[in-house]
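Structure first, then comments.
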Amino acid sequence: MILYLNGIYVGLLILANIVAVKLFSIGDLAILPAAVVIYIFTYPIIDVIVEVYGKEEGRRTVKAGLMTQVLAIVFILITINLPAAPVFAEQASFETILSGSFRVILASLISYAISQNLVVYVFNKLKNRHGRKKLWLRNNVSVMISQLVDTTIFITIAFYGTMPTTVLGGLILSQYAFKFIASICITPLVYLVVNFVRRQEAKIVEQV
């Protein structure tokens, strides 16, 4: 099951990076990148991995995600710079959708590396304290702390100096509020996935 979880995790990371250029609004409350809708699910997957397989497996998954994102950026840059065929009239659109500024890309990689390792660390600390009890607590605490760090680092690196500090703070608060509420809502999903993975692993052990 760990291979399936790793595959889903990495796939969601790449997909989040691709759709990040799309912005959507929640009424007049906030404007958010579409990536947040996908990215919020990567934290619970890491929590599931640490819960079932342990801290080291969680760290390996985070490293795999970082390496995959770097490779994706490299290959996207290569494809952007390939000479466009005469019949391909969408080169400009292709570049707009798939390319991002160096500053945004750097912000994304730094915030990812710090926040995802933080979620592993916090979740594991709480798991050592509570054992299998209080999964809801370590899931929400680890995710909420790490997402606050992720949001703050990303927006600060990506946009500091390009807008007033008050606007910058508003972006951080609005994005974090969305992630905070979403994390609470998907807590039942974490329980379902953890139970499912444990059952599948138990079946594998029985078959051996």
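Counting in the working numbering, the sequence shown runs from 26 upward without gaps.
Backbone N, C-alpha and C fix where the C-beta goes; we use that ideal spot for every residue, glycine too.
Give every residue of the same chain whose Cβ lies closer than 8 Å to the Cβ of residue i, excluding the five residues on either side of it in the sequence, and list them in chain order.
i	result
Ile-33	Ile-70
Glu-120	Ile-105
Gln-94	Leu-38, Ile-39, Asn-42, Ser-133, Leu-134 and Tyr-137
Leu-160	Glu-76, Val-215, Tyr-216 and Val-219
Mind checking residue i: buried by the 16 CB within 10 Å criterion, or exposed?
i	result
Leu-196	buried
Phe-100	exposed
Arg-163	buried
Asp-72	buried
Phe-49	exposed
Phe-127	exposed
Val-112	exposed
Glu-57	Correcting the residue identity first, residue 57 is Leu in this sequence and not Glu. By the neighbour-count rule (16 or more Cβ atoms within 10 Å), Leu-57 is buried.
Thr-86	buried
Asn-153	exposed
Ser-25	No statement about residue 25 is possible, as the shown extent of the chain runs from 26 to 233 and does not include it.
Val-230	exposed
Lys-192	The question names Lys, yet the displayed sequence has Val at residue 192. With fewer than 16 Cβ atoms within 10 Å of its Cβ, Val-192 is classed as exposed.
Taking only three categories from DSSP, how would you classify residue i?
i	result
Met-26	coil
Val-61	helix
Phe-66	coil
Ile-211	coil
Glu-115	coil
Leu-107	coil
Ser-136	helix
Val-230	helix
Ala-97	helix
Ala-45	coil
Arg-85	helix
Gly-32	helix
Arg-157	coil
Ser-171	helix
Ser-124	coil
Gly-79	coil
What residues match up with residue i in a beta bridge as DSSP calls it?
i	result
Met-188	Tyr-185
Ala-55	Ile-51
Identify, in the order they occur along the chain, each residue of the same chain with its Cβ nearer than 7 Å to the Cβ of residue i, setting aside the five sequence neighbours on each side.
i	result
Ala-89	Asn-31 and Val-35
Asn-149	Val-75 and Lys-80
Ala-97	Ile-39 and Asn-42
Met-26	Val-222, Gln-225 and Glu-226
Met-169	Phe-205 and Ser-208
Val-61	Gln-200, Phe-203 and Lys-204
Can you list, in chain order, the residues of its chain with a C-beta nearer than 6 Å to that of residue i? Leave out the 5 residues immediately preceding and following it.
i	result
Ile-180	Leu-196 and Ile-197
Ser-136	Asp-175, Ile-178 and Phe-179
Tyr-201	Leu-173 and Thr-176
Gly-83	Ile-71, Ile-74, Val-75 and Val-145
Ala-55	Ser-199
Following a CB-centred definition, is residue i positioned closer than 8 Å to any heavy atom of the ligand COA?
i	result
Ala-89	Although the ligand COA was asked about, the structure shown includes no ligands whatsoever.
Three or more C-beta pairs below 8 Å linking the segment 166-184 and the segment 68-85:
yes
Cβ contact check for the segment 49-67 and the segment 204-216: 3 or more pairs under 8 Å
yes
Quick test of the definition: if touching needs 3 or more C-beta pairs under 8 Å, does the segment 180-194 touch the segment 139-149?
no
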